[in-house]
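Report on the following structure.
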Amino acid sequence: MKRSKFLQRLGGLGILPLVGAQACDTTEPQEVDSLKEDLTAAWLRSETITLTSMEQMPPESYTWKYTEEAMTFSEQWRHCVIFTCGQLAVRTGLTNPYKEVKLPYQMPKEEVIGEIKNMYAFIRQSIQELSLEKLYSMCEFAGDNIPVWRLLYALESHIVHHRGQCVVYLRLNGVIPKGFYGW
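Just so you know, my numbering puts 135 at position 144 of the sequence shown, and the rest follows in order with no gaps.
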């Protein structure tokens, strides 16, 4: 390839970030709706799967743990509630609904389920209330700087981790977890 042709092509590639920036104008209303719809759908699905898993555990097994060091089934979900709400609130400036609340380590099944429902309601409300500018703003999380919208997916990933642990709790208590639910 001749040098002049190479430079022409390279110059063309050099403007791609500018073209991309134009194409990603974050002020478009449909983008706001699309991002918020995607986040809301992901968290609604997460709630359905989480509640299905929680409902399967017998009430008497909510205080069960497989070793002395492990958290109980109830504590796994308590941790998810406190961690998720706390992380989102501190990184977005939202009011943490659990800031002044001290949840007991062990709670009956219905109370744990109620707190999980409250957590998911807080997430959905937060998604709707956060501006697009805030969703795209950067925050520190796990030693990295990420946009707030990505933080929401990271927090859901944390719940997936604990939900997976709770599937093991179900199996160790003789409960066969429900199969694949779809996305």
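Beta carbons are placed, not taken as given, at the ideal position from N, Cα and C, and that holds for glycine.
All values reported here derive from a predicted model rather than from experimental measurement.
Residue environment, residue i, which counts as buried when at least 16 other CB atoms sit within 10 Å
| i | result |
| --- | --- |
| Leu41 | The identity of residue 41 in the sequence shown is Thr, whereas the question assumes Leu. Counting Cβ neighbours within 10 Å, Thr41 comes out buried, since at least 16 surround it. |
| Ser117 | buried |
| Ser52 | buried |
| Leu146 | buried |
| Tyr160 | buried |
| Met98 | buried |
| Thr86 | exposed |
| Lys169 | exposed |
| Leu35 | exposed |
Cβ-based neighbour list, residue i, same chain, cut-off 8 Å, excluding 5 preceding and 5 following
| i | result |
| --- | --- |
| Val72 | Tyr89, Leu94, Glu106, Ile107, Asn109 and Met110 |
| Gln156 | Gln67 |
| Leu26 | Leu123, Leu126 and Trp140 |
| Arg154 | Ile40, Thr41 and Ser44 |
Proximity below 8 Å, CB of residue i to CB of residue j
| i | j | result |
| --- | --- | --- |
| Thr31 | Arg115 | yes |
| Met48 | Val166 | yes |
| Phe74 | His149 | yes |
| Trp55 | Asn136 | no |
| Val92 | Arg69 | no |
Run of the beta strand (DSSP E) containing residue i, from where it starts to where it stops
| i | result |
| --- | --- |
| Met129 | Met129 to Phe132 |
Residue range of the unbroken alpha helix (DSSP H) whose run includes residue i
| i | result |
| --- | --- |
| Ile114 | Lys100 to Glu120 |
| Ile150 | Val139 to Leu163 |
7 Å CB neighbourhood of residue i in its chain, flanking five on each side removed
| i | result |
| --- | --- |
| Asp24 | none |
| Phe113 | Cys76 and Pro88 |
Other residues of its chain near residue i: CB distance less than 6 Å, five sequence neighbours each side excluded
| i | result |
| --- | --- |
| Glu38 | Tyr111 |
Which ranges would you report for the alpha helix (DSSP H) in the stretch 49 to 89 if only whole runs of at least 4 residues count?
64 to 83
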